[in-house]
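Be aware that the sequence shown starts at 247, since it is given in the numbering used here, and climbs by one per residue.
Ideal placement from N, C-alpha and C gives every residue a C-beta, glycine not left out.
Just so you know, these numbers come straight off a predicted model, no measurement behind them.
Report on the following structure.
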Amino acid sequence: MSIQHSGIRRQAAFGVVVALAVLCAGCIGSKRSGGSSGSDTAAIPLTPSLWLSPSISTAVIPYKDACGQPAVFSVADPLVEAVPRKLNRVFHGVTPQFGLEQRVTAAGVIEVGLGLKHIDLVIPRHIQGAYPVSVTLGAEMVFLAEDGKTLFAKKLQSVGRGEVTVTDQSCEVRGLEPIVQEAVDAVTEGLAKQVAASVRVREYAEQQKTRIPTAASLSTQQAGIASSASVTGGVQANRVAPPAGGPAASSRLQATTLTFHAIVRDESQDHMLQQGESLTIEVEVKNEGQAEAEGVEVLIGGEGALTEHFPQSVAIGDVQPGEIKRTSVTNRVMDLKDATQGELVLSVRSLTPLASLPSAKKFIFQVKPEKGDSGAIVSDVDRLPKPLAASKQTRTVVIAIGVGRFRDERVPTVKYADRDAEVTAAYLRAIGGIPGDRVHVLVDKFALKADLAETFDEWLPKRVDAETVVYVYFAGRALVDGTSGAVSLVPYDGTIASPNRLYPVRHIQEVLARLPIQRAIMMFEVSLDPSPGADPGTTPQADWGDGAEDDRDDVMWMVGNRNLQEAHAYEQGKHGLFTYYLLRGLQGLADVDRDGTVVAGELCTYVRGEVIHAAREQFGNAQRPLCSPPPGQGAVVRIHPMAKGNNPKPPAQAKKAEPSADAPVQAPKPVDMGPKP
């Protein structure tokens, strides 16, 4: 049976590539004036990327045939055909993506996954005749903006009904195809209508209309020197069209592609500025194209007094194809007495036309109040949320561990780790009405390796049964094995030099696999380092999602950082960045579909989008949280209720005026989001 199932998966995966390539080859970028799926609404003027979860590309539904033997029905092909077909009526087109990771483009990305799938069919005896059958499919769709922010998320379930026939000549069940197709059409049509009606997606599409066409498109305009400017975050990035003048001129100004990375470091490295502190801008520019990039410059702009301390541009010079050039500038920051924050926006321009304009990078620093200033910042997430229900969750268990300081002073500290653990435990207890003797908190010197072992090997097993939900939260530091990707936590008495002083995550997975629990939710705010002696460039990705047993759907992982890097601390919120948005989500903001309940899948999707956006806007680099199972997989654990929803729809009369085409787009500030006290 396992061999048959594997073969169907391989055939389905191959069919996905062929079907998507055929379906979408002619629809990318096409203009459509018709309505969205089944309605008179105008098509959304976007061509987003379409990423189908492996739960769709390998989708099969198990059932029993007329002889009572296990069988499977593949729904991969119908879903792969229906999803882009429905969405092409909603948008101007969709662009398929292949692979396990989606890439967010300016037009956004649509993620679609399959959750519940069930065939309800009972054939008591192998007797010729007709039998009623129902096919149930549940799907989930998410729309992400270019900055990773979630603009739309919806879960739908549809049922197809009909009759199948069997004969006394074989075990085959005939007639399933049209019933499955009915369920597929219903659920995909429903999702298409929902995204077509999304106000946030349509507003995003209108904002994208103000983007200036790339320099590659300028080559089709009238010859001669021309210039255009796009305003991104307050910085103008000029692109010059190639002039007429023969082959030499056109070759010299052939369009090329530039990418750049930027880091802005304050002297104390706490993302808080104070009078007299030095600030360093480091920029790396790479020519990814085939032509030389002439006269490359880094533009420095933004808002507030911080921009006055730096030149408006820094010359990089000419950059050859494949070449990387770096530059840095350091200045001491003064005259910030009346400022509350500083902002820098960095972008790149070149005399050579650019095939695409690199996105500007925004950095925001809070200004430390001077001594004697009473304007202390108070976190807006430390007010506990309302209970999820009137009844208490007397079978639930919470384990919260926060290790920010270590006995070995060579181990880097993790800011707010102890505070994160204490507040998260208080949140979960308040939401579920969990008795105090079922909440176990370990912080700093009380989180020795022996304490962790005692907690999972002795304390936890005494408090669980088949109805128990286990919450495990950890904030601190972890190491990733350079060969296997296995993750080990660093306890208070741990050290980064010896693996014997670490606590393996695998042991937690094995404990949970042995215990008779209902489900477990794992929430980890971690800074990840390679194991001693491992090469960061060859270290595999951290292994979180694979539990001690394969194919488990009762454990969900929400990990704040999937790569080897420091997890960001959000100074204004006085929490780790991932934990800050985790708490915001538990306050109710993660109730994306506004049904009154925040479920685990919604919470992780919300946190992931907010962290990606905030890391890019405030710190200038990526931090990508992990949600495992992803959308469309592990439906049972993804719909586990986590908190009470508190995400009211904005009043119609409060709609803001549309920004002008040349107005800078302001990034949302995390402190201003969410329910007000």
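Quick check: residue i and residue j, are their CB atoms within less than 8 Å of each other?
i      : j      : result
VAL669 : LEU829 : yes
VAL433 : LEU397 : no
ILE851 : ALA328 : The sequence given here places Thr at residue 851; Ile does not occur at that position. Not in contact: THR851 and ALA328 (Cβ atoms no closer than 8 Å).
ALA508 : GLU528 : yes
GLN869 : ILE610 : no
GLU543 : SER559 : yes
VAL772 : GLY722 : yes
GLU409 : PRO378 : yes
VAL326 : LEU298 : yes
LEU437 : ALA376 : no
TYR719 : ALA815 : no
PHE337 : PRO294 : yes
LEU832 : VAL845 : no
VAL687 : ALA712 : no
VAL883 : VAL801 : yes
LEU823 : LEU774 : no
PRO877 : GLY847 : yes
TYR738 : ASP781 : no
GLY932 : VAL591 : Only positions 247 to 923 of the chain appear in the structure, and residue 932 is not among them; the question remains open.
GLY806 : ALA813 : yes
VAL736 : ALA724 : yes
Would you mind reading off the limits of the alpha helix (DSSP H) that contains residue i?
i      : result
ASP837 : Careful: ASP837 lies outside any alpha helix (DSSP H) and carries neither H nor E.
HIS555 : Premise fails: HIS555 is in no alpha helix (DSSP H) and is neither H nor E.
GLU543 : Taken as a continuous stretch (DSSP letters only), GLU543 belongs to no alpha helix (DSSP H), being part of the beta strand (DSSP E) at 539 to 547.
GLU771 : It is not in any alpha helix (DSSP H) - GLU771 instead sits in the beta strand (DSSP E) that spans 765 to 776.
GLY648 : That residue, GLY648, is in no alpha helix (DSSP H); its beta strand (DSSP E) goes 643 to 648.
Going by beta carbon distance, what residues of the same chain come within less than 6 Å of residue i, once the five residues before and after it are set aside?
i      : result
LYS363 : ILE307 and LEU383
GLY650 : THR659, VAL660, ALA663 and ASP664
THR741 : ASP654 and ARG747
GLN453 : none
GLY237 : This structure does not reach residue 237, given that the chain is present from 247 up to 923, and the question cannot be answered.
Can you name, in chain order, every residue of its own chain whose Cβ lies under 7 Å from the Cβ of residue i, other than the five neighbours on each side?
i      : result
VAL426 : PHE319, VAL321, PRO324, VAL381 and GLY406
THR505 : LYS532, GLU534 and PRO604
GLN566 : ASN533 and GLU538
VAL445 : none
VAL624 : Low local confidence applies: a pLDDT of 42 at VAL624 is under 50, so the model's placement there is unreliable, with the coordinate-based value given in what follows. So no residue of the chain qualifies.
On a Cα-Cα basis, can you pick out the residue from the options that is closest to residue i?
i      : options                           : result
PRO291 : ASP690, ALA391, ILE302 and ALA353 : ALA353
SER416 : LYS695, LYS455, VAL410 and GLN374 : GLN374
ASP628 : VAL801, LEU674, LYS455 and GLY436 : LEU674
LYS695 : TYR749, GLN764 and ALA606         : TYR749
ALA861 : GLY648, PHE702, ALA743 and LYS608 : LYS608
GLY728 : PRO786, LEU545, GLY541 and ALA443 : PRO786
GLU418 : ARG572, PRO316, GLN639 and ASP775 : PRO316
THR598 : THR411, PRO875, GLY563 and ASP800 : GLY563
ARG572 : THR553, VAL594 and LEU552         : VAL594
TYR309 : ALA724, ASP711, LEU367 and PRO737 : LEU367
ASP626 : TYR826, MET888 and ASP512         : TYR826
LEU545 : GLN536, LEU552, ALA561 and GLU554 : ALA561
THR526 : ASN577, ILE570 and HIS555         : ASN577
PHE770 : PRO737, MET804, ALA743 and THR553 : MET804
VAL857 : VAL736, CYS313, GLY394 and PRO776 : GLY394
GLN612 : ARG511, THR701 and GLU540         : ARG511
LEU552 : VAL579, GLY568 and SER574         : VAL579
Considering just the uninterrupted stretch of the beta strand (DSSP E) at residue i, what are its terminal residues?
i      : result
THR573 : 570 to 578
LEU600 : LEU600 -> no beta strand (DSSP E), and no H or E assigned at all.
ILE290 : Run containing ILE290: none; DSSP gives neither H nor E here.
PHE319 : 316 to 320
ASP366 : 355 to 367
ILE527 : 524 to 533
GLU589 : 587 to 595
GLY436 : Note, GLY436: premise wrong, no beta strand (DSSP E); alpha helix (DSSP H) at 422 to 442.
LEU298 : 295 to 298
GLU386 : 375 to 390
VAL805 : 801 to 805
THR411 : 396 to 412
If you drop the 5 nearest sequence neighbours on each side, which residues of the same chain put their C-beta closer than 8 Å to that of residue i?
i      : result
GLY280 : Note that GLY280 scores a pLDDT of 38, beneath 50, so its modelled location is shaky; the value from the coordinates is reported in the next line. ALA289 and ARG335.
PRO633 : ALA676, ILE677, GLY678, GLY679 and LYS890
ALA672 : LEU630
ALA732 : VAL726, PRO750, VAL751, ARG752 and ASP789
GLY842 : LYS890 and GLY891
PRO681 : LYS638 and THR640
VAL715 : GLN639, ARG641, THR642, VAL643, ILE763, GLN764, ARG765, ALA766, ILE767 and HIS886
Are the C-beta atoms of residue i and some chain C residue less than 8 Å apart?
i      : result
TYR309 : In the displayed structure, chain C is absent; only one protein chain is listed.
In chain order, each beta strand (DSSP E) run of at least 3 residues that lies wholly inside the stretch 687 to 727: Counting only runs of 3 or more, we get 715 to 726.
Complete runs of the beta strand (DSSP E) confined to the stretch 839 to 864 [at least 3 residues]: Listed in chain order, the complete beta strand (DSSP E) runs (minimum 3 residues) inside the stretch 839 to 864 are 843 to 845.
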